[in-house]
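Enquirer:
Residue numbers (this note's numbering): 4 to 542.
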């Protein structure tokens, strides 16, 4: 009998392993096919762009010829002598051409007509790296020549050193050298290749530079908002630099985050950003902010970059980039008949701020010659008071009195910690999953570094199975059943509740935290984790 059971177990293990390997192989093949299709799509997109460029060139030339014909016809003023040399067919064609005025659809070339003069104006003049695609996050790092000090190397070290080996495979850093002096560009490339050869050869880091023909004439710009001619030129070129970088990066990943070449970052910044974005996957956001300074740490979904770039191209000479971003939001959601407060509330739905800041500005000497900027993000120094995990979609509720907007909803999606006034016996916190979930482990962490004493005491962890009446349970598990169908599976000890879920209870409909006795302190819940896996959890 033992042999028979052992044989069955062996067969089951073999089948499970085979199915797992088959699933993994299919998933891997699917991912490779997706990346291949993505590359083909972007290659086709580039060919279409070149075709459009050539078509517009021909259209521009034809329009010029037609305009000359119109002038010639107007000058002859219908003189028969001038027209005698043309056949009837030619005269008919000339009449049709000179009277035809087709509508022109605006595009990038309407705002930057100089690009039509050179087919390679939108292609990098320098491109170093493997051209990695299919990642979660693309980091854009523009850099220009600084007269006093460059912070680029320190910035890249900070970004790279705080990534895990797995995270290094799921992102790409694109360094954009916004200079047309090829000698200078090559010197920066050579320096980066020496310092970051491993990262460049692995595909983590790429370096690009635009061709000189990308930039229009920036010598006769209108001075606005009290800015000097040099500052207007600087901010205008900066807008164009951002656009080129975003257009290049768009096809590489799911999200694009704008950084600068003079920053440092916090530990675990990548997982924090990715998990925060994933938690907001069902929300209609446009910008996630991971720093309160300028354009630093602003993240976009790749499909939205098209709209952003088009908008910036329309007004690149008028205002700085951060103002233009705010105008995009205004155009999308603000009602001119409502007041400013209503507008701000509407924009806050599209522009979501993560706190504390994950990026700090460290550059003292600006890329604008002679400018000293002592800009620091005060939020960067604050500790992270909550931890973010990708939890299953759920409806959350509580009987506790919430303090100062630190809601349970924000905690569950990773935006903030939950803070409530003194719990009493009978209070509860409920997480009701949208769909039943197979849960292996759970973690609830209360208190935070600023308020370590605000923890959950005398509180139990309970689960409600989806198929409550059909469960086959051991006596030990049956004894944990409560009158309302929940099962008490754990409790808080020293502010933390952590444990496993009996597989026989799966799938789970909801989790509930129940307060058993009155508490003498307020309660903070700063970490919620419940799902299929249980990785990278810290207490």
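Backbone N, C-alpha and C define an ideal beta-carbon position, used for all residues, glycine too. Keep in mind that this is a model prediction, so the values were computed, not measured.
1. Do residue 360 and residue 300 have their C-beta atoms within less than 8 Å of each other?
2. When the distance is taken between beta carbons, is residue 357 closer than 8 Å to residue 293?
3. Using the three-state DSSP reduction, which class does residue 525 fall into: helix, strand or coil?
4. Between the alpha carbons of residue 493 and residue 413, how many angstroms are there, rounded?
5. Mind checking residue 280: buried by the 16 CB within 10 Å criterion, or exposed?
6. Helix or strand or just coil, what does DSSP make of residue 472?
7. Looking at the secondary structure, which residues open and close the alpha helix (DSSP H) in which residue 191 lies?
8. CB-CB under 6 Å to residue 484, same chain, minus the five flanking residues each way: which ones, in chain order?
9. When you compare only the Cα positions, how much space is there between residue 238 and residue 221?
10. Compare the Cα-Cα distances from residue 142 to each of 316, 214 and 162 and report the closest residue.
11. For the structure I just gave you, are there three or more beta carbon pairs, one from the segment 421-429 and one from the segment 516-524, closer than 8 Å?
12. My output table needs one value for residue 439: the three-state DSSP class, helix, strand or coil.
13. Could you tell me which residues DSSP puts in a beta bridge with residue 397?
14. List the whole-angstrom C-beta distance separating residue 270 from residue 393, where the pair is believed to meet the contact cut-off of C-beta under 8 Å.
15. Once DSSP output is grouped into helix, strand and coil, what is the label at residue 309?
16. Please classify residue 351 as buried or exposed, where buried requires at least 16 neighbouring CB atoms within 10 angstroms.
17. Taking its Cβ as the centre, do 16 or more other Cβ atoms sit within 10 Å of residue 364, making it buried, or is it exposed?
18. Is the beta carbon of residue 289 sitting closer than 8 Å to the one on residue 348?
19. Using 8 Å as the Cβ pair cut-off and three pairs as the minimum, do the segment 177-188 and the segment 238-257 touch?
20. If you follow the beta strand (DSSP E) that residue 356 is in, where does it begin and where does it stop?
21. Buried or exposed: where does residue 150 fall if 16 or more other Cβ atoms within 10 Å of its Cβ makes it buried?
22. Would the beta-carbon of residue 175 fall within 8 Å of that of residue 207?
23. Given that a residue counts as buried once 16 or more other Cβ atoms are within 10 Å of its Cβ, and exposed if not, what is residue 229?
24. Residue 219 to residue 118, Cα distance in whole Å?
25. Are residue 415 and residue 436 close, meaning C-beta to C-beta below 8 Å?
26. So, helix, strand or coil for residue 214, using DSSP?
27. What would DSSP say about residue 205, mapped onto helix, strand or coil?
28. Have a look at 450, 508 and 170 and flag the residue whose alpha-carbon is nearest the alpha-carbon of residue 530.
29. Let me know if residue 186 comes out buried or exposed under the rule of 16 or more other beta-carbons within 10 Å of its beta-carbon.
30. Do you know how far the Cα of residue 250 is from the Cα of residue 310?
31. In whole angstroms, give me the CA-to-CA distance for residue 200 and residue 167.
32. Spatial neighbours of residue 498 within its chain, please: CB distance less than 6 Å, with the 5 preceding and 5 following residues excluded, ordered by chain position.
33. For residue 476, which residues of its own chain have a beta-carbon under 6 Å away from its beta-carbon, when the five flanking residues on both sides are left out?
34. Please name the residue, chosen from 341, 343, 314 and 134, that lies closest to residue 202 on a Cα-to-Cα basis.
Expert: Let me lay it out:
1. It is a contact, given that the beta carbons lie within the stated cut-off.
2. Their beta carbons are under 8 Å apart, which means residue 293 touches residue 357 by this criterion.
3. In the three-state reduction of the DSSP assignment, residue 525 falls in the coil class.
4. Rounded to whole angstroms, residue 493 to residue 413 spans 24 Å at the Cα level.
5. Buried, since its Cβ has 16 or more Cβ neighbours within 10 Å.
6. Residue state, collapsed to three classes: helix.
7. For residue 191, the uninterrupted alpha helix (DSSP H) run begins and ends at 185-198, by DSSP.
8. Cβ within range, chain order: 490.
9. So the two alpha carbons sit approximately 11 Å from each other.
10. The closest CA to that of residue 142, considering only 316, 214 and 162, is found on 162.
11. By the Cβ rule, the segment 421-429 counts as touching the segment 516-524, because three or more pairs are nearer than 8 Å.
12. DSSP places residue 439 within a strand segment (E or B) once states are collapsed to three.
13. Secondary-structure assignment with DSSP links residue 397 through a beta bridge to 436.
14. With a beta-carbon spacing of about 19 Å, residue 270 and residue 393 fall beyond the 8 Å limit used to define contacts.
15. Reduced to three states, the DSSP call for residue 309 is helix.
16. Residue 351 should be labelled exposed.
17. The residue is buried, with at least 16 neighbouring Cβ atoms inside 10 Å.
18. No, the pair does not count as a contact, with Cβ atoms beyond the cut-off.
19. Verdict: yes, contact present.
20. First-last of the beta strand (DSSP E) with residue 356: 354-356.
21. Burial call: exposed.
22. Yes, they are a contact pair.
23. Per the 10 Å Cβ criterion, exposed.
24. So the alpha carbons of these two residues sit roughly 8 Å apart.
25. For residue 415 and residue 436, no; Cβs fall outside 8 Å.
26. Judged by DSSP in its simplified three-state form, residue 214 adopts coil rather than helix or strand.
27. Correct three-state label for residue 205: helix.
28. When C-alpha distances from residue 530 are compared across 450, 508 and 170, the shortest belongs to 450.
29. Sixteen is the threshold: since fewer than 16 other Cβ atoms of the shown chains lie within 10 Å of the Cβ of residue 186, the residue is exposed.
30. Rounded to the nearest angstrom, the two C-alpha atoms are 11 Å apart.
31. Cα to Cα, residue 200 sits roughly 18 Å from residue 167.
32. Non-local C-beta neighbours of residue 498 in its own chain, meaning closer than 6 Å and more than five positions away in sequence, comprise 449, 450 and 458, ordered along the chain.
33. Hits under 6 Å: 507.
34. Proximity to residue 202 across 341, 343, 314 and 134 peaks at 134, based on C-alpha coordinates.
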